[in-house]
Every structure is written in C-alpha cells, then in structure tokens.
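**Student:**
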Amino acid sequence: MIGGTAEEARRILVVEDDDVARELVRLALERHGYDVLVAEDGLRGYELALQQRPDLIVTDVSMPAADGVHLIRRVRDTAEIAQTPVLVITGYGTGSATFTLAQGADAYEPKPIDPQSFLATVRRLLEKRSA
C-alpha cells in the first residue's frame with residue numbers, strides 16, 4: 010500500500026464523467042492507500058454503490074444519464090446505502106454546492122480540486138462514518 014496505512018484502506022466510489030478529472034481523483038486517493046472504484050455517470054455509480062457498499066461516494070454534479078443530484082437522492086432513498094457519506098465535487102460554485110447539500114450530500118469541494126483540502130474532507134467524512 011503505497012503512501013497509506015491499513016486503516017486508510019477504505020473503499021471509495023468516484024463518479025465523474027470527465028476522464029481526466031476521474032483519473033486525477035482516483036490517483037490522488039490511491040496514492041493515500043484508498044481502494045477506489047470508478048463510474049462515469051450516476052446510473053453506473055448507483056449500481057456500483059449498491060453492489061460494492063463503499064465507505065464514501067465522491068461525485069460530480071453535472072453528468073450525462075444521471076447527474077450527481079439524482080445519484081444522491083437514490084442513495085439516500087436506498088436503505089442499504091443511505092448512510093454512505095457523499096462528497097460532491099463541482100465547478101459550478103457555491104449555489105450548486107448548497108443545492109447538493111440540501112439534497113443530502115455531506116460535503117463539497119470546488120473544482121479544480123485542491124488535493125490537500127480534498128483529502129482532508131475525505132478523511133473527515135470517513136472518520137465521521139467510523140464514529
């Protein structure tokens with residue numbers, strides 16, 4: 010496990026339609042020892058969340074097929090995964106972020122992502138889930 014510890018080996022689902030952004034987030038998380046699953050839209054993200062039961066979901070807002078808000082609502086309406094923390098990453102500013110928080114997201118990080126802030130938020134949400 011490169012750069013991480015066993016206690017950090019938590020499963021994180023990244024739902025992002027932009028290939029470059031998805032890869033950057035995946036690499037940042039894996040570099041810190043997380044087990045990362047990826048999906049390119051909210052529909053596939055929901056399927057993976059239900060099948061794999063990640064410890065955290067990181068999702069973009071604007072995606073084809075099913076956006077991040079749709080994903081958040083489905084997760085919150087599904088008993089088996091309803092308590093999974095959701096971190097939204099968005100380039101649409103605080104208005105979009107505030108809306109996703111009202112829909113059930115636990116936190117948000119603006120794009121472009123600041124790696125230190127992003128990873129601190131990931132750790133905080135995972136610690137909160139463990140408490």
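Okay, so the sequence shown: first residue is 10 according to this note's numbering, each after it adds one.
Yeah, the Cβ is synthetic: ideal placement off N, Cα and C, and Gly gets one too.
(1) With distances taken Cα to Cα, identify the nearest neighbour of Glu89 among Gly104, Pro63, Ala140 and Val97.
(2) In terms of DSSP beta bridges, what is Arg20 paired with?
(3) For Asp123, count neighbouring C-beta atoms within 10 Å of its own C-beta (all shown protein chains included) and say buried if the count is 16 or more, exposed if not.
(4) How many angstroms separate the CA atom of Gly100 from the CA atom of Val131?
(5) Counting Cβ pairs closer than 8 Å, one from the stretch 101–113 and one from the stretch 35–47, do we hit at least three?
(6) So the alpha helix (DSSP H) Glu136 belongs to, where does it begin and stop?
(7) Going by the beta-carbon positions, is the gap between Val45 and Ile81 smaller than 8 Å?
(8) List the whole-angstrom C-beta distance separating Ala116 from Leu135, where the pair is believed to meet the contact cut-off of C-beta under 8 Å.
(9) For Asp86 and Pro121, what's the separation of their Cα atoms in angstroms?
(10) So the alpha helix (DSSP H) Tyr55 belongs to, where does it begin and stop?
**Tutor:** The short version:
(1) Counting from 1 along the sequence shown, the entry for residue 89 is found at position 80. For the set Gly104, Pro63, Ala140 and Val97, the Cα lying nearest the Cα of Glu89 is the one of Pro63.
(2) What you label residue 20 is simply residue 11 of the sequence shown in a count that begins at 1. In the DSSP assignment, Arg20 is bridged to Asp44.
(3) For the purposes of this step, residue 123 is taken as residue 114 along the sequence shown, with counting starting at 1. Looking at its Cβ environment, which holds fewer than 16 other Cβ atoms inside 10 Å, Asp123 is exposed.
(4) What you label residue 100 is simply residue 91 of the sequence shown in a count that begins at 1. What you label residue 131 is simply residue 122 of the sequence shown in a count that begins at 1. Distance from the CA of Gly100 to the CA of Val131, rounded to the nearest whole angstrom, comes to 18 Å.
(5) Contact fails: fewer than three Cβ-Cβ distances are below 8 Å.
(6) As a first step, residue 136 must be located in the sequence shown, where it is residue number 127. Residues Pro124 to Ser139.
(7) Here the question's residue 45 lines up with position 36 in the sequence shown. Here the question's residue 81 lines up with position 72 in the sequence shown. In this structure, Ile81 does not lie closer than 8 Å to Val45 by Cβ.
(8) Locating residue 116 in the sequence shown gives position 107, counting from the first residue. Locating residue 135 in the sequence shown gives position 126, counting from the first residue. Actually they do not touch by this definition, with Cβ atoms about 11 Å apart.
(9) Sequence index remark: in the sequence shown, residue 86 carries index 77 (1-based). Sequence index remark: in the sequence shown, residue 121 carries index 112 (1-based). Straight through space, the alpha carbons of Pro121 and Asp86 are spaced by roughly 30 Å.
(10) Here residue 55 refers to the residue found at position 46 when the sequence shown is read from its first residue. Segment Gly51 to Gln61, the alpha helix (DSSP H) holding Tyr55.
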